[in-house]
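Structure first, then comments.
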Amino acid sequence: MRVARAALAVANAVKDEKKRAVLKQRAMRAIADIQLRAQMEQLAGRQRTRGKAAPPAGVPSMLGGVPRKKKKKSAAKKTKATAKKPAPRKQSPKRGAAKPRPKSRAAPPTEQLEADQPAVVNLGFSDPTQPDYPLVKDRALAPGETYYFWLEVGSEVRGSISETPTALPLEHLPREATLGVMLFGNEGGFELKAVAGWLRLHADGTVDVATPADVPEDLFNEHVARQRLFFEVRAPRTPGIHRLRCCICFKGALVQSYDIEALVDEDTSTRRPEAVLRSRMDYTLSSTLGRQTLDSYGEHRLTIMLNDNGKGTHGFRVMGEGGEYYRNRTFDGQEVQDIVERARRALRRVSWGSDQPWKQGDGYLYEQDAQRSQLTSDLVRLAIAGYRNYDVIASRLDEGTGTLRDLMRTPATVQLALKETARLVLPLALLYDHTLDTDGDPSEYTLCDTFTRATGNLEEHPCFLGDCPHRDTQGSRVVCPSGFWGYRHQLGIPPTLGSTTESPAELPGVLECAGEPNVLISVSTDPAMRERDDHVRALTELLKKDNVTYAETRKAIIGHLRSARAHVVYFYGHGGVDDGVPYMQVGAPNERISRATLRAEKVVWSNPRALVFLNGCHTTNLEPERAIELVSGFVQTARGSGVIGTEITIFEPLATFFAEVFMTELAKRTTVGESIRRARLRLLEKWNPLGLVYVPYALASLRLS
52 MRVARAALAV
62 ANAVKDEKKR
72 AVLKQRAMRA
82 IADIQLRAQM
92 EQLAGRQRTR
102 GKAAPPAGVP
112 SMLGGVPRKK
122 KKKSAAKKTK
132 ATAKKPAPRK
142 QSPKRGAAKP
152 RPKSRAAPPT
162 EQLEADQPAV
172 VNLGFSDPTQ
182 PDYPLVKDRA
192 LAPGETYYFW
202 LEVGSEVRGS
212 ISETPTALPL
222 EHLPREATLG
232 VMLFGNEGGF
242 ELKAVAGWLR
252 LHADGTVDVA
262 TPADVPEDLF
272 NEHVARQRLF
282 FEVRAPRTPG
292 IHRLRCCICF
302 KGALVQSYDI
312 EALVDEDTST
322 RRPEAVLRSR
332 MDYTLSSTLG
342 RQTLDSYGEH
352 RLTIMLNDNG
362 KGTHGFRVMG
372 EGGEYYRNRT
382 FDGQEVQDIV
392 ERARRALRRV
402 SWGSDQPWKQ
412 GDGYLYEQDA
422 QRSQLTSDLV
432 RLAIAGYRNY
442 DVIASRLDEG
452 TGTLRDLMRT
462 PATVQLALKE
472 TARLVLPLAL
482 LYDHTLDTDG
492 DPSEYTLCDT
502 FTRATGNLEE
512 HPCFLGDCPH
522 RDTQGSRVVC
532 PSGFWGYRHQ
542 LGIPPTLGST
552 TESPAELPGV
562 LECAGEPNVL
572 ISVSTDPAMR
582 ERDDHVRALT
592 ELLKKDNVTY
602 AETRKAIIGH
612 LRSARAHVVY
622 FYGHGGVDDG
632 VPYMQVGAPN
642 ERISRATLRA
652 EKVVWSNPRA
662 LVFLNGCHTT
672 NLEPERAIEL
682 VSGFVQTARG
692 SGVIGTEITI
702 FEPLATFFAE
712 VFMTELAKRT
722 TVGESIRRAR
732 LRLLEKWNPL
742 GLVYVPYALA
752 SLRLS
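My numbering numbers the first residue of the sequence shown as 52 and each following residue consecutively.
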């Protein structure tokens, strides 16, 4: 108490009014918590001699400052002396009956955050009879028992199960903003009572609970109630290692995700040699949650995280509409692979006439100007594949309610989060959600007449704003390109920054650019790249010549990668995979760049952190699940802001047109998601649907300042 009162005296002596107010508020809270803790210790002494008692007089309720009336407890909440005994557990011949769960021996609840302490994200479990006290992390949870999972942003909590506590400098947090926290379980795993709660970021730098998920009845410590977000969970009845996923969102965008692992076992008294309750951050766009960075991410209507559960299944964690849309479903691993392959087979058919991966000799079917008949047949093929994929996903997420379809009717920003071990990339652009009969004769399908009569920019056309007249027609065999997510929405697939000590702290949402963007153009000198020279000239004319750097040897390219202050690094050449390692061929046909090159050559960007465009023509076996290693290298090692890639191999006419439109839009300060969408639509106006092959491994909201 003397230390707290001394801190109050120091605070009163500070001249800076704003700083004085912050320090004074913290000191007062510390004094209040110390007084409250003394009352609790007195109460605990009475409880040890007389059993459980009510809170001491004057201790406010956790829900509003008025003492809570004592509620009649359910069987699950009664003390051991009065509770209805559960059915006896199955006894082991060696161990006998299950041992009772011990009380937590962790340290008391956290002290108030001091002025020079970094705030961190703490996570853990607690017993419902002592929710203020974290359970120790080297003891198992009991099967079928109720616990609280909790999250707190503040000083480091003794008893937190975070492997590496993530520091959050409070001075950079957005003021008076809210963070959504969502909890996800797995099938047959933890049962959740509530799934979402909200944290509030205050102007004085503190973080507390804005909207609780669950409020423990036996929670007495006001400080803990103010700062700690609780979720009531029931442990699985089956012993073993089980998982939870905790996601932190800002304006609908997933910015951090934690994988929580817990051992469930009948023996809860034995202390294990290592932690059996632990948490690891495996997805992050921002480790500091800086104000300007978070604001630059913009509003996201839908976020999807595809999570490999490690047992041949994948979890779909879907969040939308500020937490109102929440879905947690499990898909068989083969189902997800089928979705990916169905989309790629359709794209390959449209591009070179075979559903097999590209090989030398396969020709581009859109080499010449397309006709309406060609577009019709190809859009029908793509729409049938896209609707079948959408049906698999939506039937599991919505169970026939159509909620997802209604949510995504009008243009929006969508995020697909790729964590560190992600390999499968959902083909979001190919999802088709207009009602469609997929079993008709191909010759019976037609194009939407409203679309075919369109004039002007398609992004302003009613169909692409969610008002296609054929959207809801039952048994429809009319295809409208506005039914594809890639034509209607801004899509972003930002990979995680990683969790190593050298990982960048933030994925930027804005690239500082006072004038025209600086662009590094890196090309292959393969004579087979016949459109290269004309393409480079066109880009130089579209952009300011003095801002374009051109390189055509590996040595020159690496030198420019190290030293150039490029906003965009553009690779125009071939790509491939050698011994499982993806690469981009640059310079002479025998020269290349891989992820390891970036580390070996010390390619690290700071300001600006370039957007990388991999326009790989005639690539071999460089589809997303293989390219992701190279993509992650540019983001994690070189610290780029994102990467543009492709779903399948592409041809020069497509590559040159798309890149020129994209660069033009980006230079206008259009976001990456919208620049890609407009490039797709400009191609569609030329009766070419293959703009859908481009994949933005970046925030859809990324733009030049």
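Each residue gets a CB set at the ideal place from its N, CA and C atoms; glycine is no exception. Quantities reported herein were computed from a predicted structural model and do not represent experimental measurements.
Please look up how many angstroms separate the CB atoms of residue i and residue j, rounded, as I've assumed it's under 8 Å.
{"i": "Gly560", "j": "Leu750", "result": "6 Å"}
{"i": "Leu44", "j": "Pro555", "result": "Nothing about residue 44 can be read from this structure; the chain reaches only from 52 to 756."}
{"i": "Pro704", "j": "Tyr417", "result": "7 Å"}
{"i": "Ser320", "j": "Ile212", "result": "Actually they are not in contact, since the Cβ atoms of Ser320 and Ile212 sit about 19 Å apart, beyond 8 Å."}
{"i": "Val530", "j": "Leu430", "result": "5 Å"}
{"i": "Val246", "j": "Gln278", "result": "So it is not a contact: roughly 20 Å between Cβ atoms."}
{"i": "Phe535", "j": "Ala480", "result": "7 Å"}
{"i": "Cys300", "j": "Thr354", "result": "7 Å"}
{"i": "Gly627", "j": "Ala661", "result": "Contact flag wrong, Cβ pair sits at about 23 Å."}
{"i": "Arg605", "j": "Glu642", "result": "4 Å"}
{"i": "Glu698", "j": "Arg395", "result": "6 Å"}
{"i": "Cys761", "j": "His540", "result": "In the structure as shown, the chain begins at 52 and stops at 756. Residue 761 is therefore absent and cannot be evaluated."}
{"i": "Leu562", "j": "Leu755", "result": "5 Å"}
{"i": "Pro267", "j": "Pro185", "result": "The pair is not a contact, with the Cβ atoms about 13 Å apart (cut-off 8 Å)."}
{"i": "Arg251", "j": "Thr217", "result": "About 19 Å; that fails the 8 Å criterion."}
Give the range of the alpha helix (DSSP H) segment to which residue i is assigned.
{"i": "Tyr438", "result": "Arg423 to Leu448"}
{"i": "Leu458", "result": "Thr454 to Leu458"}
{"i": "Pro709", "result": "It should be noted that the sequence gives Phe, not Pro, for residue 709. Taken as a continuous stretch (DSSP letters only), the alpha helix (DSSP H) holding Phe709 covers Glu703 to Ala718."}
{"i": "Ile609", "result": "Arg605 to Ser614"}
{"i": "Gln278", "result": "Glu273 to Gln278"}
{"i": "Phe502", "result": "Asp500 to Thr503"}
{"i": "Gln388", "result": "Gly384 to Trp403"}
{"i": "Leu192", "result": "From DSSP, Leu192 is part of no alpha helix (DSSP H); its letter is neither H nor E."}
{"i": "Ala264", "result": "Element bounds for Ala264: n/a, residue is neither H nor E."}
{"i": "Ser683", "result": "Pro675 to Ser683"}
{"i": "Arg690", "result": "Counting along the chain, Arg690 falls outside any alpha helix (DSSP H), and DSSP gives it neither H nor E."}
{"i": "Glu736", "result": "Val723 to Glu736"}
If you check the beta carbons only, do residue i and residue j fall under 8 Å apart?
{"i": "Ile292", "j": "Glu317", "result": "no"}
{"i": "Gln368", "j": "Arg296", "result": "Note that residue 368 is Arg in the sequence shown here, rather than Gln. In contact: Arg368 and Arg296 (Cβ atoms closer than 8 Å)."}
{"i": "Glu567", "j": "Asn598", "result": "yes"}
{"i": "Tyr348", "j": "Met332", "result": "no"}
{"i": "Asn358", "j": "Arg393", "result": "no"}
{"i": "Gly236", "j": "Trp249", "result": "no"}
{"i": "Phe702", "j": "Cys668", "result": "yes"}
{"i": "Leu314", "j": "Phe282", "result": "no"}
{"i": "Gly693", "j": "Leu753", "result": "yes"}
{"i": "His625", "j": "Leu571", "result": "no"}
{"i": "Val746", "j": "Ile544", "result": "yes"}
{"i": "Tyr621", "j": "Gly696", "result": "no"}
{"i": "Ala445", "j": "Arg352", "result": "no"}
{"i": "Lys735", "j": "Tyr538", "result": "In the sequence under discussion, the amino acid at residue 735 is Leu, which differs from the Lys named in the question. Contact: yes."}
{"i": "Trp738", "j": "Ala421", "result": "yes"}
{"i": "Ile608", "j": "Val476", "result": "no"}
{"i": "Arg378", "j": "Val401", "result": "no"}
{"i": "Thr303", "j": "Gly366", "result": "For the sequence presented, residue 303 should be read as Gly rather than Thr. It is not a contact, given that the beta carbons lie outside the stated cut-off."}
{"i": "Glu510", "j": "Arg650", "result": "no"}
{"i": "Thr688", "j": "Arg646", "result": "yes"}
{"i": "Leu593", "j": "Thr715", "result": "yes"}
In the DSSP assignment, find the beta strand (DSSP E) that holds residue i and state where it starts and stops.
{"i": "His586", "result": "Per DSSP, His586 belongs to no beta strand (DSSP E); it is in the alpha helix (DSSP H), Arg583 to Leu593."}
{"i": "Gly231", "result": "Ala228 to Phe235"}
{"i": "Ile212", "result": "Careful: Ile212 lies outside any beta strand (DSSP E) and carries neither H nor E."}
{"i": "Ala602", "result": "Val599 to Ala602"}
{"i": "Gly667", "result": "Leu662 to Gly667"}
{"i": "Ser573", "result": "Val570 to Val574"}
{"i": "Asn672", "result": "No beta strand (DSSP E) holds Asn672; DSSP gives it neither H nor E."}
{"i": "Ala170", "result": "Ala170 to Asp178"}
{"i": "Pro747", "result": "Tyr745 to Ala749"}
{"i": "Pro182", "result": "Gln181 to Pro185"}
Which runs of the alpha helix (DSSP H) spanning at least 4 residues fall entirely within the segment 506-549, listed in chain order?
-> 536-539
Per the contact definition of three or more C-beta pairs closer than 8 Å, is the segment 573-585 in contact with the segment 498-514?
-> no
Cβ contact check for the segment 279-291 and the segment 194-201: 3 or more pairs under 8 Å = yes
Within the chosen definition, does the segment 629-645 reach the segment 580-591 through at least 3 CB pairs nearer than 8 Å?
-> no
Could you give the uninterrupted runs of the alpha helix (DSSP H) lying entirely in the segment 282-370, keeping only those of 4 residues or more?
-> Within the segment 282-370, the complete alpha helix (DSSP H) runs of at least 4 residues are 342-347.
Contact between the segment 617-630 and the segment 653-661 (3+ Cβ pairs under 8 Å) | yes
Just list the beta strand (DSSP E) runs in the segment 630-660, keeping only unbroken ones of 3 residues or longer that don't cross its boundaries, in chain order.
-> 632-636 and 643-645
Alpha helix (DSSP H) runs wholly inside the segment 467-493, at least 4 long, in chain order | none
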